[in-house]
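Going line by line, the protein sequences match chains A and B.
Counting in my numbering, the first sequence runs from 1 upward without gaps.
Counting in my numbering, the second sequence runs from 1001 upward without gaps.
From the three backbone atoms N, C-alpha and C, an ideal C-beta is built for every residue, glycine too.
The block underneath contains the structure these notes are about, expressed in structure tokens.
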Amino acid sequence: MKLKTNIDLERFFACVEQCRGQVTFHSPENDILNLRSRLCLYLFTVAYSSNGPALVGDICCQDPEDEKLLAPFMENIENG
Amino acid sequence: MADLVTKLEVYQEFLDCSNIPLWHYDGEMRLISTNAPNQEALQTLFSIGGCKRQIQQYCLGNRLPGFYSDSASLIWLAAPRYVNDTLTDIYLIGPVFSSHMSEQAMSRSLYNLRVSPELVQSARALLQSVPIVHHTFLMHHGLMLHWCLTGVKLESADIQIISSANNHPRIPDAPERESRTGTYALEQQIFQAVEDGNIHFVHPKEVYQRNTGMLHKTDPLRSAKNEVITCITLINRAAIRGGMPEDSAYALADHYILLLEDATKISEVYQYSQDAFKDFTTRVHKYKLGQGRSKEIQDCISYLELHIGQKVTMTELARELGYNKNYLSTKFGKEVGMTISEYLLKLRLERAKVWLQNSDKRIQEISDDLGFNSVSYFSAQFRKATGQSPTDFRNRKV
């Protein structure tokens, strides 16, 4: 799932917090950040703020149900 | 209102000197303004792990400033502003680190993540922009902020610790049997309060500026834990001196030490320190009451402690406290088990031991300062009580 541009990070993190399985961010540089880890959230925040609203990368959910929760923030899944 | 705006402008300039950001939120925690650099990133950091939510919840129920630290040792201080019982504004200062160790510990963790060095470098740059402010100074900034908002002057001890650890396991009522300049003197006041069971004791404000040193090379949380464990250990001894049974005191200290070992935030650790101080002091207070010491005798002991270096006559003591001389003398003997002069001598000799072990005062000076008529009388009394001369006692110290 590709992350949308211009997302509200606070709301995104709140949704990640509700996920049941692991949620990871994969950057084109092969960095993998576990978004359930606070330290990785810091890194993700820094990456997001230093790349502006156009942070490129994929989000992977261990639990398929979590994808629905994060859908509003993804490009290739219809909202809702 | 204009007055408030002016005060806050001056306050903000003051904070700018230390590069500490100031944030202004409305009562619904919507950002109104900030002077923070990296505003978006810092604001997002502020929301991670429920930090923002916890601070908002705190402000909804409290009017005093609150201190918050997250598990990465980033620290914020929040001050709510109420108008007609409605929370209208929340002012926030931070984030700050309390020591270089916090930033270094976090940087080390970042390197352990095995992500690209560029990303780690960006994160480090952000972390390095976070100012390092010792928590006692942050407390003072909080006091000033509260004064700007309300015109009310607080003590450092009034600043609350915002913690999700309020639900920590309750300490049972009856637990199962299981020189740095100035620092020492300040600590002694605290331990004396525990020993006296003085539940009305107010921490002197200098205590928040004391330098307890670095108690761990790299980990600020561990350092705070070590500091508080030491403090609890000493409080435990003071409580025993104050009459608390040894078994109960050791068991209670163990309870607090085990609890704080599980703490994941510096604020939780300091919360346990405050809780332990209050708990021990209250228990000593109860034990003293349980020993049947009346108010008159408590007053008498406080007076003697306060005038330890002066000549105290029975007549003067009775007059100062407003009691009949014979009545006071008899009652003292009955409740304490010794005469007033024996008690005063014991008190002076205990103080002499502390000075002999912890100061460079000459023996003549100690004798004079403790109100002994002559150094030979002091030495004789000291030898009688301890079996050693003051000089031997000092030389044999560990």
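- In the three-state scheme derived from DSSP, where H, G and I count as helix and E and B as strand, Thr1264/B is classed as coil.
- By the Cβ-count criterion, Val1354/B is exposed, with fewer than 16 other Cβ atoms from all chains shown falling within 10 Å of its own Cβ.
- Among the residues of chain A, those whose CB is under 7 Å from the CB of Ser1109/B are Leu39, following chain order.
- In the three-state reduction of the DSSP assignment, Pro1037/B falls in the coil class.
- According to the DSSP assignment, Ala1079/B belongs to the beta strand (DSSP E) that extends over Ile1075 to Val1083.
- For Met1314/B, the secondary structure class from DSSP, reduced to helix, strand or coil, is helix.
- One finds nothing in chain B with a Cβ atom closer than 9 Å to the Cβ of Phe73/A; even the nearest lies about 14 Å away.
- Secondary structure note for Leu70/A: it is in no beta strand (DSSP E), and the uninterrupted alpha helix (DSSP H) holding it is Pro64 to Leu70.
- Annotation: Cβ neighbours of Ser1116/B in chain A (cutoff 9 Å, chain order): Ser27, Glu29, Asn30 and Asp31.
- Taken in chain order, the complete beta strand (DSSP E) segments of 3 or more residues contained in the segment 1-36 of chain A are 23-26 and 32-34.
- Contact check for Met1101/B against Thr1218/B passes: the beta carbons are separated by less than 8 Å.
- Val23/A is outside the set of residues whose beta carbon lies under 8 Å from a beta carbon in chain B.
- Ranked by Cα distance from Trp1076/B, the first of Ser1267/B, Asn1084/B, Trp1147/B and Leu1289/B is Ser1267/B.
- The C-beta of Thr5/A comes no closer than 8 Å to any C-beta of chain B.
- In the DSSP assignment, the residues bridged to Gly1066/B are Ala1078/B and Gln1160/B.
- DSSP places Val1120/B in the uninterrupted alpha helix (DSSP H) bounded by Pro1117 to Gln1128.
- Residue-level contact check: Asn1038/B touches chain A, since one or more beta carbons of chain A fall below 8 Å from its beta carbon.
- Against chain B, the CB of Val56/A has no partner CB under 8 Å away; the residue lies outside that interface.
- Per the DSSP secondary-structure output, Phe1097/B pairs in a beta bridge with Ile1132/B.
- Look at Ile59/A here: in three-state DSSP terms it is strand.
- The DSSP-derived three-state label of Asp1089/B is strand.
- Ranked by Cα distance from Asp1275/B, the first of Leu1252/B, Asp1026/B and Ile1297/B is Leu1252/B.
- According to the DSSP assignment, Asp1026/B belongs to the beta strand (DSSP E) that extends over Leu1022 to Asp1026.
- Measuring C-alpha to C-alpha distances from Ser1098/B to each of Leu1349/B, Arg1114/B, Thr1281/B and Ala1224/B identifies Ala1224/B as the nearest.
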